[in-house]
Amino acid sequence: MRNWLRETVNRRHLLWGSLATASGSLLGGMAATGQSPHAGHGSAPPYEANAAGRHSAHGNMITVGDVGRARNGFDPTALLTDWDTGVTSSLPDGRTLRTFEIIGEDKEIEIAPGVFFPAWTYNGRVPGPNLRVTEGDRVHIVFRNHASHRHSIHFHGIHSARMDGLPGAGEVGAGETFIYEFDAFPFGCHLYHCHSLPLKRHIHKGMYGAFVIDPDPARHPEQAEVARSRLLGTPENREWQEFVMVMNAFDTNFDGENEVYAVNTVAHHYAKHPITVIRGKPVRVYLVNVVEFDPINSLHLHGNFFDYYDHGTTLTPTLRTIDTVMQCQAQRGILEFTYREHETGLYMFHAHQSEFTELGWMGMFNVVEAAA
Amino acid sequence: MNDIAGPETVVASPRPSAAWPGYAFVLWIALPLFLLGLAATWLVVSDPLRAFNNGAPPVERLTFERRILDNSGIHLFVRAGGSEPLTIAQVQVDDAYWTFTQDPPGDLGRLATAWIHIPFPWTLGEAHEVRVVTKLGTTFDHEIPVAVRTPEAQSGQLVPQAVLGAFVGIVPVAIGLMFYPTLRGVGSQGMSFLLALTIGLLAFLFVDALEDALELAGEAAAAFQGHVMVVLAALVSFLLLWAIGRRRGAPTGLALATYISLGIGLHNLGEGLAIGAAFTAGAAGLGIFLVLGFTLHNITEGIGIAAPLVKEPPPPSAFVWLALLAGAPAILGMWLGSLAYSPQWAALALAVGAGAILQVIVEVGAYLRRLDERWKTASVPVSVIGGLVVGLSLMYATAVLVKV
């Protein structure tokens, strides 16, 4: 008999509507008080449930608690701007040699408050260090694999087959070391990730990071001004507020679907800790998508439009005046926008796959006046 | 095996029990218990299981036992299981992280329970899916097939529930019992037919109750070992009722009818629990059509109760309390089910009901065997086969009527 009940409560059952009406009238007729099970809906709708959170932009649709810096050893707010430019020295031919040290290690990280993920990391953080070099630099990356599995670093850039980070070409066994060497070309917003097999697992477990090659103004005389504004450390560059955003996700129960989506690992971090933006200074975002299992990801900016440089390999925008940009996995680009004409306040940004947004990929810019 | 075991059993003869001094008696209880304590202490202190630790994460289990939807959102009563305390880290509703509070807060030890309160603006009549994410990233899903406000446990609700319970339980049994004067006219063939029909309907109920009990047991927390519990409860209830029923020989007449009523009543209690819980869960699907179906389905139960009374007419008042005994538990079940419900309790009630039904199947069978002389020639009377088939078919056919 119980089975009959269960069958009838299934929403997908077409009979439900008519039966519900019937039951309402039956009980209404039977009950001394004349109350049907639906009575009272008019007086107090269930939508009241979300009223408590209406003062904030996300309401109650947010993770509970906060991920402290202490547990992970890194803070997504700091990750936005902490560039690793390596140790520099001059080569005999006058070029700059940049040497980076990256250590592969297993580490449990907190990806949403109270939710722990057994990650594979570069330098104990996800995403790995934000590598930044200048076009034409000689780059040495010393990769020491202290993790339990074989790993590699596969750079998106121009390099020889031997340096590709594939099995047999720079894949590193546990406890071993390899040095990747190449010249930094082309300029742009790139990424690196582990290319050991199985690829899906090695990427979604956390082995990826941003790799930015700044244009060398000397190589682009006709657009030297633009190139200088992109080159870290120049006075022109200091006029910008630059952020690295690696869009990532985590499959915590290993079912091939992500439970947590984020920018720079921690779900809702920038919703709870808005990114401070000074109103008068333009913003440049180095946006990288590494989300596994979902074909595409995106960024949508509220109340504003931006210019977009796909892959960052051009000095003129590839898309102008857009407010949403779509990226497949490993696609990346540079966003440039300004709040100069805006009121101060909180401006949201999020993936415009609503599902990703609601599972953690949502944040805020807090636009403020420059400190006096 | 039997060949070897046989002679030994013959040799083993009962020995007169020696009169032990009191301290020896205590000693032989204390010594094994002391050894158990010693073994447990050694296990905890030396931890020999360390050698088996392969780095696998602990097993986590979470069972959803109750659900309430109201103005303030979704409320779920959960029970933890597994090898180590479980920590609920986050909650998603329809693939969106949502704020929640846990009462009581903190880790959930083995079999510990807690309410999860989610201020979620659910949509009337639509489906929602709640997903609990633990500290280890394990997820546990709970489907809300149709979101309907949970009827509040208040006196205003008790009355319509009682009316519904009466329609499902008491009314059909009473109508079935009213066939009694007609039944009195039957001959011995007809009597065999009626009793066989009773066995048929009881067999249907037995299978039905056991199936539901096992299924509910599957929904309960693993630590309850639901399936074993169901079989055990059915067996114990069968043996107990059988022993009680046989105190003054095999029951006949009113006694037998009473046991049938009791068995059906216990079954209806379990059904009532499930219906009440379904109401709480928002099963608004109980239309007039369905309730009438239940009523029709259960009329056969009344005929079954009346059958053993044909040869031994009881006082008229007996019919009233027989109907109440068989039918009223449905009301009680609905109240309990809507107020406090967990799958393991409904499974237990249905299992006890199944055991009780098995007892009356045995007793009605024994009664039938004594009644019909033809059994002695080792032939099975056509009336008995006919009655069994009709009883089963009647229950099956009326079930088809209401099966949606």
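Sequence lines, in order, name chains A and B. Using the numbering used here, read the first sequence as starting at 59 and increasing by one per residue. Using the numbering used here, read the second sequence as starting at 622 and increasing by one per residue. All C-beta atoms in this analysis are idealised placements derived from N, C-alpha and C, irrespective of residue type, glycine included.
Checklist entry - Using a Cβ-Cβ distance under 9 Å, would N311/A count as near chain B? => result Interface flag for N311/A against chain B is set, since a Cβ pair is found closer than 9 Å.
Checklist entry - In chain A, which residues lie with their C-beta within 8 Å of the C-beta of K756/B? => result The answer, in chain order, is G172, V173, F174.
Checklist entry - If we ignore side chains and look at the alpha-carbon of each, how far apart do S206/A and R183/A end up? => result C-alpha of S206/A to C-alpha of R183/A: approximately 16 Å in a straight line.
Item to check | Between the CA atoms of L875/B and E933/B - distance to the nearest angstrom | outcome: Rounded to whole angstroms, E933/B to L875/B spans 7 Å at the Cα level.
Checklist entry - When you check each C-beta in the region 732–746 of chain B against every C-beta of chain A, which residues fall closer than 7 Å? => result Under the 7 Å Cβ criterion, the region 732–746 of chain B contributes P740, F741, P742, W743, L745.
Checklist entry - Just curious, the beta strand (DSSP E) that A307/A is in, first and last residue? => result Boundaries of the beta strand (DSSP E) harbouring A307/A: 299–308, taken from the DSSP string.
Checklist entry - Is W178/A near G233/A, with beta carbons less than 9 Å apart? => result Not a contact, by the Cβ cut-off of 9 Å.
Checklist entry - Quick one: what's got a C-beta closer than 6 Å to C386/A's C-beta in the same chain, skipping five residues either side? => result Once the five neighbours on either side are set aside, the close Cβ partners of C386/A are I354.
Checklist entry - Between T415/A and the rest of its own chain, which residues show a CB-CB distance below 6 Å, the 5 nearest in sequence each way excluded? => result Within the same chain, Cβ atoms closer than 6 Å to the Cβ of T415/A are found at H408, A409, the five residues on either side in sequence being excluded.
Checklist entry - Expressed to the nearest angstrom, what Euclidean distance is found between the alpha-carbon atoms of L917/B and R869/B? => result L917/B and R869/B: Cα-Cα distance of roughly 35 Å.
Checklist entry - Mapping DSSP to helix, strand and coil, what is T143/A? => result Coil at T143/A, not helix or strand.
Next on the checklist: For chain A, check one thing: does any of its Cβ atoms lie closer than 9 Å to the Cβ of D716/B?
Outcome noted: Yes, D716/B counts as interfacial toward chain A.
Item to check | Cβ of Q711/B within 9 Å of any chain A Cβ | outcome: Yes, Q711/B lies at the interface with chain A (some Cβ there is under 9 Å from its Cβ).
Item to check | Any C-beta of chain B under 9 Å from that of N118/A | outcome: Output row for N118/A: interface = yes.
Next on the checklist: Give me the DSSP bridge partner(s) of W719/B.
Outcome noted: Beta-bridge annotation (DSSP): W719/B is paired with V712/B.
Checklist entry - So what does DSSP say about S83/A, is it helix, strand or coil? => result In this prediction, S83/A has a pLDDT of 36, which is less than 50 and means its spatial position is unreliable; what the coordinates show is noted afterwards. S83/A: helix per DSSP, three-state reduction.
Item to check | Residue burial classification, F363/A (beta-carbon count within 10 angstroms, cutoff 16) | outcome: Taking every protein chain shown into account, the CB of F363/A has fewer than 16 other CB atoms within 10 angstroms, so this residue is exposed.
Checklist entry - Which first and last residues belong to the beta strand (DSSP E) in which D829/B is found? => result Secondary structure note for D829/B: it is in no beta strand (DSSP E), and the uninterrupted alpha helix (DSSP H) holding it is 809–840.
Checklist entry - Can you find a CB in chain A that lies within less than 9 Å of the CB of L875/B? => result No - not a single Cβ of chain A is within 9 Å of the one on L875/B.
Checklist entry - Closest to M766/B by CA distance: which of Q713/B, W743/B, A977/B is it? => result Reading off the sequence, residue 766/B comes out as Pro, not Met. Nearest option by C-alpha distance: W743/B.
Checklist entry - If contact means a Cβ-Cβ distance below 9 Å, which residues of the region 405–428 of chain A contact chain B? => result Under the 9 Å Cβ criterion, the region 405–428 of chain A contributes S412, E413, T415, E416, L417, G418.
Checklist entry - Mind checking if F236/A is an interface residue toward chain B, Cβ cutoff 9 Å exclusive? => result Answer no: the Cβ-Cβ gap between F236/A and chain B never drops below 9 Å.
Next on the checklist: Taking the alpha carbon of K165/A as the reference point, which residue from Y328/A, V348/A, G131/A has its own alpha carbon closest?
Outcome noted: Looking only at Y328/A, V348/A, G131/A, the smallest Cα-Cα distance to K165/A is reached by G131/A.
Item to check | Best match in S356/A, V349/A, T192/A for proximity to R277/A [C-alpha to C-alpha] | outcome: Of all alpha-carbon atoms in S356/A, V349/A, T192/A, the one lying nearest the alpha-carbon of R277/A is that of T192/A.
Checklist entry - Cβ of T146/A versus every heavy atom of the ligand SAM: is any distance shorter than 8 Å? => result In terms of ligand content, the structure shown is empty, and the ligand SAM therefore cannot be addressed.
Checklist entry - Given a threshold of 16 other Cβ atoms within 10 Å of its Cβ, counted over all protein chains shown, does L1093/B qualify as buried or as exposed? => result A question about residue 1093/B goes unanswered here, because the residues of chain B that appear run from 622 up to 1025.
Checklist entry - Three or more beta-carbon pairs under 8 Å between the region 216–229 of chain A and the region 299–314 of chain A, yes or no? => result Here the region 216–229 of chain A makes no contact with the region 299–314 of chain A; the two share fewer than three CB pairs at distances below 8 Å.
Checklist entry - Based on Cα-Cα distance, which residue from I881/B, V849/B, S704/B, G746/B lies nearest to W863/B? => result Closest by alpha carbon: I881/B.
Next on the checklist: Classify L84/A: buried if its beta carbon has 16 or more other beta carbons within 10 angstroms, exposed otherwise.
Outcome noted: Residue placement at L84/A cannot be trusted, given a pLDDT of 36 that sits under 50; what the coordinates show is reported in the next sentence. Looking at its Cβ environment, which holds 16 or more other Cβ atoms inside 10 Å, L84/A is buried.
Next on the checklist: For the structure I just gave you, are there three or more beta carbon pairs, one from the region 814–830 of chain B and one from the region 936–951 of chain B, closer than 8 Å?
Outcome noted: Judged by Cβ distances under 8 Å, the region 814–830 of chain B makes no contact with the region 936–951 of chain B, as fewer than three pairs qualify.
Item to check | H99/A at chain B interface by Cβ criterion, 9 Å | outcome: For H99/A, the predicted model reports a pLDDT of 40, less than 50, meaning its position is unreliable; a value from the coordinates is still stated below. Flagged as an interface residue toward chain B: H99/A, by a C-beta distance shorter than 9 Å.
Checklist entry - Do you know offhand how far E280/A's Cα is from V343/A's? => result Distance between the alpha carbons of E280/A and V343/A is about 24 Å.
Checklist entry - Given that T759/B touches chain A, what residues does it touch there, using C-beta distances under 7 Å? => result Neighbours of T759/B on chain A, chain order: N311.
Checklist entry - Checking contacts by CB at 9 Å: is V321/A closer than that to chain B? => result Answer no: the Cβ-Cβ gap between V321/A and chain B never drops below 9 Å.
Checklist entry - Who are the near neighbours of G974/B in its chain, counting only those whose CB is closer than 6 Å to its CB and skipping five residues on each side? => result Hits under 6 Å: A830, L887, H888, G891.
Next on the checklist: I need the boundaries of the alpha helix (DSSP H) containing H262/A, first residue and last residue.
Outcome noted: The continuous alpha helix (DSSP H) containing H262/A extends over residues 257–262.
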